[in-house]
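K.L.:
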Amino acid sequence: MQRFFTWLKGRFKSSRKYLVLKQYSLFADLSDFELYLLYELTHTRCFEAGELIYEEGYPLEVIYFVHSGDIKLKGLYGSTTDKQVGPGEYLGIFDMYHGKKRSSTAIAQSDASLHAISRTDMISFIESRPRAGVKILSSIASDFCRFVFEVAKDNEHKLD
Amino acid sequence: MSINWTKLIFNFLLIIVLIAGLIFYRWVFSYMLAAIVFTYILDPTVTWLESKRLPRWFAVLILYLSIIGILVWFTSRLIPELIAQGNSLLTILGHEGAMSADYLIQIPFINSIFEYAGNLDAQIPGLGAATRFTEILDNAVEFIARLPKFLLDNYSSIISAVSFIGMVPLISFFLLKDKHKIRKSLLGLSSNRYFELAIILLGKIDSTVGTYLRAMLFEVIAVSIMASTALSIVGVSNPVLIGISAGVANIIPYFGPFFGGALAVLTVFFEGGAFLNMLYAALAMWLVQVIDNNIVYPVVVGTTINMHPLLVLLTVLAGGWYGGIFWMLVSVPLVYLIYSLVSVLYVNLKEYRII
């Protein structure tokens, strides 16, 4: 009987693979259950070093989260310098709210593993679970502020 | 340029395996198709239950038990009545005595026309209106006489479909339970280059097929309830059966609503009802169509299928010629789905600079 209940409990308990999403600042505050739901919508993609992930001007349908490896971003918002993105960072969130086209070109610098979530699934998740949505959008706002300050600081240095 | 023989041989073998798989599984394609339709209809409820912290398999189980409960209730309450109505309708339409011009002439409404034709013959010698009228009746009777035979012929296929109906929920159970895994596996097959495109196409299929099927199901239920109520108010016999038939037929654009109306009017006609009763039946069905076209369809189905009316008409006609009623039912959504996919594919292939 004890074994049956353990088995039944195991059936209700899913494997905790979804915790891998905790490494991303966007999802750090989500509960286990919210992470589980989000993980169901996530795809894992592997890129070889030098492989093109997406090109500037492509339609934006997928948001990538870097699980491992390094990604080089070229021409980010008209910038002439390349930007490097590493584990825990993401690609495409700002573009999602800006014209729905890729504003830069992303190339894997080393062998990389990325988590991909469809823009449609992400928006639908945010809308259907407002509490989780607020947490995600707060993180996006916070990251956006940091990005704006970084750009402002860069421009200041250039002017000096 | 050197040829990668290993890759070439692997791809060749893969194609052979795929073709062999298609041949081996060809008998279950119809099962899969029906299960996919069933899955699309149930999926939002399963997803909702999952969002309430129920494991997906448990959510599907609860939904199945609820459906079985509703079916048991429906069977115990409505099926005996429906069978009785079906038998009565078949008797009215298929009785040998009823299927003769002589019997029809006894119907008051027909009799008045026949007498009028007889009077015309008396006034205009050589006109032969009564004889012509009897000939028309004979032809109509011959046509209508084929209807019950058609229904009876199809009953055997309906019985053989019971096994089909039994298998579909089972397949659908796995499709619903493992929806995310299946989706991930399908998208996992695409290369990185086509990954985003594959997501866009899958999303388009999901939204077009899912929305259309759920909207259609709602419309069938709404029209069935409205038609049954309207027909019972105007006193047509077998209102539930005619209402459900009209609801299902309503899926076929243009021809479906006509079928429902004709069935209601014919029932009154063969029961010997007065012309006024036929008019009431027709008006009731027309009213149902007005509500459906102006309220139910725009709200529920809306712009899920955005095709020009002429194209819809031609598609239904082509479907009918190609494969009868079944193809009349599926031709419009199928053509629309293919059209949407091709247009989405073309636009995105251009935007992703693949073509």
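Chains as they are written, first to last, in the numbering used here: chain D, 1 to 160; chain G, 1001 to 1355.
Using N, Cα and C, we set each Cβ at its ideal position, and we do this for glycine too.
(1) For the region 1165-1186 of chain G, which residues have a CB atom closer than 7 angstroms to at least one CB atom of chain D, in sequence order?
(2) Using a Cβ-Cβ cut-off of 8 angstroms (strictly less than) and excluding sequence neighbours within five positions of residue 1322 of chain G, which residues of its own chain qualify?
(3) Are residue 73 of chain D and residue 49 of chain D closer than 8 angstroms when you measure CB to CB?
(4) Would residue 115 of chain D count as contacting chain G if we go by Cβ distances under 8 angstroms?
(5) Starting from the Cα of residue 1049 of chain G, find the closest Cα among G:1040, G:1041, G:1063, G:1037 and give me that residue.
(6) Taking DSSP's pairing of strands, which residues face residue 225 of chain D in a bridge?
(7) Is the beta carbon of residue 1316 of chain G less than 8 angstroms from the beta carbon of residue 1244 of chain G?
(8) Thinking just about the alpha-carbon of each residue, which of G:1197, G:1163, G:1206, G:1195 is nearest to the one in residue 1179 of chain G?
(9) Please say whether residue 1040 of chain G and residue 1299 of chain G have beta carbons closer to each other than 8 angstroms?
(10) Mapping the DSSP letters down to three states, classify residue 1055 of chain G as helix, strand or coil.
(11) Specify, as a first and last residue, the run of the beta strand (DSSP E) that residue 74 of chain D falls within.
(12) Secondary structure at residue 91 of chain D, three-state DSSP: helix, strand or coil?
(13) Check each candidate in G:1266, G:1272, G:1080, G:1248 and name the one with the smallest Cα separation from residue 1325 of chain G.
(14) Would a C-beta distance cut-off of 8 angstroms place residue 66 of chain D and residue 92 of chain D closer than the cut-off?
(15) Using the beta-carbon count (16 or more within 10 Å), is residue 1338 of chain G buried or exposed?
(16) Can you check which of these residues, D:7, D:32, D:25, is closest to residue 19 of chain D by C-alpha distance?
(17) Taking a contact to mean a Cβ-Cβ separation below 8 angstroms, would you say residue 15 of chain D touches residue 143 of chain D in this structure?
(18) Pull out every residue of the region 1027-1055 of chain G whose Cβ sits closer than 8 angstroms to any Cβ of chain D, in chain order.
(19) How many whole angstroms separate the CB atoms of residue 1285 of chain G and residue 1246 of chain G, which I take to be in contact at a CB cut-off of 8 angstroms?
(20) Where does residue 1269 of chain G land, buried or exposed, given buried means 16+ other C-beta within 10 angstroms?
(21) For residue 1352 of chain G, which residues in chain D fall below 8 angstroms Cβ to Cβ?
(22) Excluding the 5 residues preceding and the 5 following residue 1128 of chain G in the sequence, name in chain order all residues of the same chain whose CB lies nearer than 7 angstroms to its CB.
(23) Are the CB atoms of residue 1240 of chain G and residue 1281 of chain G nearer to each other than 8 angstroms?
(24) Residue 1361 of chain G touches chain D at which residues, Cβ-Cβ below 9 angstroms?
(25) Just the chain B side, please: which residues come within less than 8 angstroms of residue 33 of chain D by C-beta, in chain order?
(26) So is residue 115 of chain D buried or exposed if we call it buried at 16+ other beta carbons inside 10 Å?
(27) My output table needs one value for residue 84 of chain D: the three-state DSSP class, helix, strand or coil.
(28) Could you tell me which residues DSSP pairs with residue 105 of chain D in its beta bridges?
(29) Helix, strand or coil for residue 1309 of chain G per DSSP?
P.N.:
Concretely, from the data shown:
(1) 1180, 1184
(2) 1331
(3) no
(4) no
(5) G:1063
(6) Outside the modelled stretch of chain D, which goes from 1 to 160, sits residue 225 of chain D, for which no answer is possible.
(7) no
(8) G:1206
(9) no
(10) coil
(11) 71-74
(12) strand
(13) G:1248
(14) no
(15) exposed
(16) D:32
(17) no
(18) 1050, 1051, 1053, 1055
(19) 7 angstroms
(20) buried
(21) 58, 59
(22) 1121
(23) no
(24) With chain G represented from 1001 up to 1355, any question about residue 1361 of chain G goes unanswered, as that position is not in the structure.
(25) Absent here is chain B; the protein component of the structure consists of chains D and G.
(26) buried
(27) strand
(28) D:74
(29) helix
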